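**Q** The structure follows.
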Amino acid sequence: MTVPTPPFVSGAKPGLGHALEFQQDRTSLVQRGFAEHGSVFAIKLANQNVAIVIGPENHKTFFMETDKKLNIQEPYRFLHAIFGEVLFLAPHDEYLRQRPFVQEMFKREKML
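Letter by letter, the sequence shown follows residues 1001 to 1112 in this note's numbering.
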């Protein structure tokens, strides 16, 4: 199943996309994307499309669907060679076993 890419932010350079701007001033890049397209848009980092999702209503959907509809392993496959089968790079059953240890660090009270 192919999902449509969100609209792209203006200013992508041939071959590089938004990579240089992302490296130099990502805040302005994200602000421009929000001004142009609202809370969901895309940037291009070299040959990689990257979706930007802003706002609590979108974050809730993103984090609630991670295990149901989103394939977190696909965009991070290149990290497997570096880190091995840990967290979202692990097979699904192993990821579910490891997840509670990491989630503890990101609980609301730990982030305040």
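Where a beta carbon is used, it is the ideal one built from N, C-alpha and C, also for glycine.
Note that the structure is predicted; figures quoted are calculated from it, not measured.
How is residue 1033 classed by DSSP in three states: helix, strand or coil?
**A** It is helical.
**Q** Taking the alpha carbon of residue 1043 as the reference point, which residue from 1015, 1064, 1057, 1059 has its own alpha carbon closest?
**A** For the residues 1015, 1064, 1057, 1059, the minimum Cα distance to residue 1043 belongs to 1015.
**Q** In whole angstroms, what separates the C-alpha of residue 1096 from that of residue 1025?
**A** Taking the straight line joining both Cα atoms gives about 36 Å.
**Q** At what residue ranges does the stretch 1043 to 1097 contain a whole run of the beta strand (DSSP E), taking only runs of 3 or more?
**A** You should have 1048 to 1053.
**Q** Leaving aside the five residues before and after residue 1098 along the sequence, list all residues of the same chain whose C-beta is less than 8 Å from its C-beta, in chain order.
**A** Once the five neighbours on either side are set aside, the close Cβ partners of residue 1098 are 1086, 1087, 1090.
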